[in-house]
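See below for the structure under consideration.
Residue numbers (the working numbering), protein chains in the order written: chain S, 1 to 656; chain C, 1001 to 1519.
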């Protein structure tokens, strides 16, 4: 499609003759952003059409924001989460000149620089605002939330990890936004039962609520139980909630479909059983890491959810084969089951489970050490639809079991074989799964170039590949990958210490690459980094920790080419203050830098470099010794811009 | 009016002994004499008691009296130095006071004589005459003050001389001072003043007469002045409007009680009695007590005669033969609804009610809460009640209601549609928004943008917040006041400029101020 469009666009007149509306329709069908960009660049008509039709915008830098907002008047979704050094002033200035009447969703996740003034301006400028995401704005407090509360039509709000939000802020929101349907209060530790109580009284439309990590107790569940439309409730790690609370919830009038009580220590299977008593239409139940033993009543009650239950997570539970069999018999419609770190999961148990659950698509068997190829055989036999299989640390499985999976499960999209000691033969079988998107082979030291060559030749859709400590992997594997798996976005090559600059040269052709981890690749130098930086335009995260041979040349290349780089780890690299300074002053998107033990960088180098990037940095990791020698003004300034510094104190040890 | 007063004084004369618990002493003139001869404190002076029976006692405030004497030559505000209501009686000082008065009168006489002689001789020397006239009025005022305050301690209603004397002085000084303010349009003025005042002074030996004249002839005006002339000090230079007389009536007692007007005896205590810290005084050493029982216990220390069971027993009521009449109390403050002269007079039930009512309604609120430094009370119990609830945890709703507990606020918010908890500094925003939504919004935005550009730090943000909020408050309180009536300062009790550090910011510091005010 995109090529066709480009051809017409290149022709000029043909495209120009079409109406903007039509062109907009065409553009809507161009999925890949890169292709849309190509269209835009090649034809003015397309550029105009996109300007008139564009609905979503993700801005990466502060500077073009005003122009972009003016250019795209039809925007509905605005994502500013990656917009570097965005602050109140720039946001308000950008909003002032634009017509944002159509904007419905705004994402400001991790936009630490934006405070209540910016939000005030935003809410005032966007009258139709329906969804706001403030997650991980750790500095946000009641004032910020109160500013958001002025958006009366708000339906979705995420306040995840807005650490300063208290009951007062929540009250502002629930009074200001009565139409709220989805609310996440995860990690807002200041919110208490009375805040939740007011929420449940004022927001009857609530469908989804996340109170994970809150210090709320059973009283909150009593209030929540009156929310008639509530379908989804997450209460991860709510240690003040126990079975009594679940009992209250079960007597409520919710239409609960999904409950997450994972890591809530005081919940037992008894409480879950009573919860199921009250809610017979549960579809998703996440009881990961909270149960210690399977109660009989819970098990029998699970059977009541026979028709509806699709997702069941029982991580960390002591299960026997009989329990798995009972689950299998009780819940035929399971689509996803997680038995991660469950003791007692055996081949027998898995086969009796999957025998009845033929719809399973996601099976998590992480750390079920007892499993062998037999379990894989039964999965392959019964669950043809399986898409995701997590087998980390199932060290007894071999290529034979994976062969069965590969043959029987053509839809397999994700497989985690970390620490499974699989070999090239296993990869040869897996290569049959042409839909594979995610492949994790960490710690499989016997995987070599040969096996990866099979994968490269067949799994062209692969977007994530983890080769952590696959020490047999060399440059040739990278050459094959660069040839076959052009879509790779995330690549982990940590400790694959046979890789050299020429290998990185191959990576340069992976244009989609966003995350690249090259930890402890002691042979790579600035030359290799240059080719990566030049080739991988979309690089967002780069880990160069302990790449001892990397010097300023690598940083210069990054500073020159890796313009989208957001996270960078250069700890232990042999870079100097000059290189660091240049890097930090050049990269406009850089927000997170880890730079521990940069022994060649002087204090002045740190000072200058940090001053250069002051307004953009949001996260830093440095040696605690620097805390006292860096100027206090600088530290204050960094803090003022919402930058969090993690001071570490560890000895300088070189390891290979 | 006269009759009413008399009746009340009579009834109080009847009723008071039963309350004052020293009835036996009052009933026994010998003991009275003995008491005064032993130079006890004169604390039981009551209206209606026959004064000739008293030796010339002077509740002296010698120390405080000499102070105004020195200053009186050039100032007409003697009340500020008369604030010490210590009742310390000493014949020596009394004597010296009297001789001082003598001297003073002689001095004035001399001046006036010289003036009259000079008037016949020379017409010129206007300034000299003026100065002398000034001197005369000053001296006269001084004399009057001295006289009244010296005599005051003897007067039934003048135990605290400052209270009743001040209005009179005030009145006099007003009449004396006014012509001087107009640059002596009339040379006869001092003489007429003499005519006005001297007859009053001439009556001074007859204290009751003076009291009556003060209470009746000048009552309206003096009361009016008294209102601002607060006994606890602090000069209110302008009389407060009268209309708030009926405002504070709650929990003073007598509420909803519908006794027919003739069915009870009305007692009216004097303000001095109301304000006296103790009601029971030891006749020997003068120590005051709140309870008679405590006084009786105390008396045991003064000799064996007080240790008899009869002395220690609760004094039997005089009126044991006849049932005690239903007594209700009247507030001495004329114009008050609790004052028996009021058309819709509502009596107060107990003395405690009187005390609390009088302090709450007609006295300065001299107890300031040490936590919030805003709330002031005249009754210390009120302050203590307030202090229990006053503190950081003030939970405020957007409607202005405050709550001591957060859950109470949230319950309130849950109950009422549209109410929302007010964040600190948020309340102002709300009022401002309702006043001028457009302007203030623009102002807010522009202000914030402008402020934020030069790399604002998060350390600053709390300060900025405060500043913004206070800015707006500053607009609303100061800029609007000139437009919406200057009385605002009086009607708004909580408004205290010193609490608002940013209100001192010059209006020029924000260019929006004047515009806002104009619009």
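Cβ atoms here follow ideal geometry from the backbone N, Cα and C, with glycine treated the same way.
Taking the alpha-carbon positions, what's the residue i to residue j distance?
| i | j | result |
| --- | --- | --- |
| residue 1422(C) | residue 632(S) | 36 Å |
| residue 185(S) | residue 1373(C) | 38 Å |
| residue 383(S) | residue 328(S) | 13 Å |
| residue 594(S) | residue 294(S) | 44 Å |
| residue 335(S) | residue 349(S) | 17 Å |
| residue 534(S) | residue 386(S) | 39 Å |
| residue 569(S) | residue 291(S) | 38 Å |
| residue 63(S) | residue 420(S) | 48 Å |
| residue 76(S) | residue 58(S) | 11 Å |
| residue 422(S) | residue 189(S) | 44 Å |
| residue 1386(C) | residue 1369(C) | 8 Å |
| residue 1263(C) | residue 1326(C) | 7 Å |
| residue 429(S) | residue 354(S) | 22 Å |
| residue 260(S) | residue 206(S) | 17 Å |
| residue 373(S) | residue 324(S) | 18 Å |
| residue 128(S) | residue 346(S) | 54 Å |
| residue 1149(C) | residue 1143(C) | 10 Å |
| residue 226(S) | residue 164(S) | 27 Å |
| residue 432(S) | residue 332(S) | 29 Å |
| residue 166(S) | residue 175(S) | 14 Å |
| residue 1220(C) | residue 1362(C) | Any reading at residue 1220(C) is ruled out, since the residue's pLDDT is 41, under 50, leaving its predicted position unreliable. |
| residue 22(S) | residue 65(S) | 27 Å |
| residue 552(S) | residue 580(S) | 8 Å |
| residue 436(S) | residue 487(S) | 12 Å |
| residue 36(S) | residue 26(S) | 10 Å |
| residue 1453(C) | residue 193(S) | For residue 1453(C), the predicted structure reports a pLDDT of 37, less than 50, and the residue's modelled location is therefore unreliable. The matter cannot be settled from this model. |
Check the Cβ of residue i against every Cβ in chain C and list those closer than 8 Å, keeping chain order.
| i | result |
| --- | --- |
| residue 108(S) | Within 8 Å Cβ-Cβ: nothing; residue 108(S) doesn't reach chain C, min ~16 Å. |
Just the chain C side, please: which residues come within less than 7 Å of residue i by C-beta, in chain order?
| i | result |
| --- | --- |
| residue 227(S) | Those do not exist, as residue 227(S) stays about 14 Å from chain C at its closest Cβ, beyond 7 Å. |
| residue 194(S) | 1406, 1407 and 1410 |
Less than 8 Å between the CB atoms is what I'm expecting for residue i and residue j, so what's the real figure, rounded?
| i | j | result |
| --- | --- | --- |
| residue 232(S) | residue 274(S) | Contact flag wrong, Cβ pair sits at about 19 Å. |
| residue 630(S) | residue 604(S) | Incorrect: roughly 10 Å between the Cβ atoms, too far for contact. |
| residue 576(S) | residue 600(S) | 5 Å |
| residue 112(S) | residue 141(S) | Actually they do not touch by this definition, with Cβ atoms about 12 Å apart. |
| residue 616(S) | residue 588(S) | 7 Å |
| residue 16(S) | residue 49(S) | Incorrect: roughly 10 Å between the Cβ atoms, too far for contact. |
Would the beta-carbon of residue i be found less than 7 Å away from any heavy atom of the ligand PLP?
| i | result |
| --- | --- |
| residue 1384(C) | Ligands displayed in this structure: none; no statement on the ligand PLP is therefore possible. |
Inset, instruction - Write down every uninterrupted run of the beta strand (DSSP E) in the region 299 to 375 of chain S whose length is 3 residues or greater and which is fully enclosed by it, in chain order. - result: 311 to 313, 336 to 338 and 362 to 364
Legend entry - Every unbroken alpha helix (DSSP H) within the region 82 to 131 of chain S, with a cutoff of 4 residues, ordered by chain: 88 to 96 and 116 to 125
Inset, instruction - Report the residues of the region 1394 to 1426 of chain C with a CB closer than 8 Å to any CB of chain S, ordered along the chain. - result: 1406, 1407, 1410, 1413, 1414, 1418, 1419, 1420, 1421, 1423 and 1426
Inset, instruction - Determine which residues of the region 138 to 150 of chain S have a Cβ less than 7 Å from any Cβ of chain C, and write them out in chain order. - result: 139, 142, 143 and 146
Inset, instruction - Identify each residue in the region 146 to 175 of chain S for which the Cβ-Cβ distance to at least one residue of chain C is less than 7 Å, and report them in chain order. - result: 146, 167, 168, 171, 172 and 175
Inset, instruction - Scan the region 188 to 215 of chain S for residues whose Cβ lies nearer than 8 Å to a Cβ of chain C and list them as they occur along the chain. - result: 194, 195, 197, 198, 201 and 202
Inset, instruction - Please go through the region 189 to 274 of chain S and give each complete alpha helix (DSSP H) segment of 4 or more residues, from N-terminal end onward. - result: 193 to 202, 218 to 224 and 243 to 250
Legend entry - beta strand (DSSP E) runs contained entirely in the region 410 to 463 of chain S, provided each spans 3 or more residues: 414 to 416 and 438 to 440
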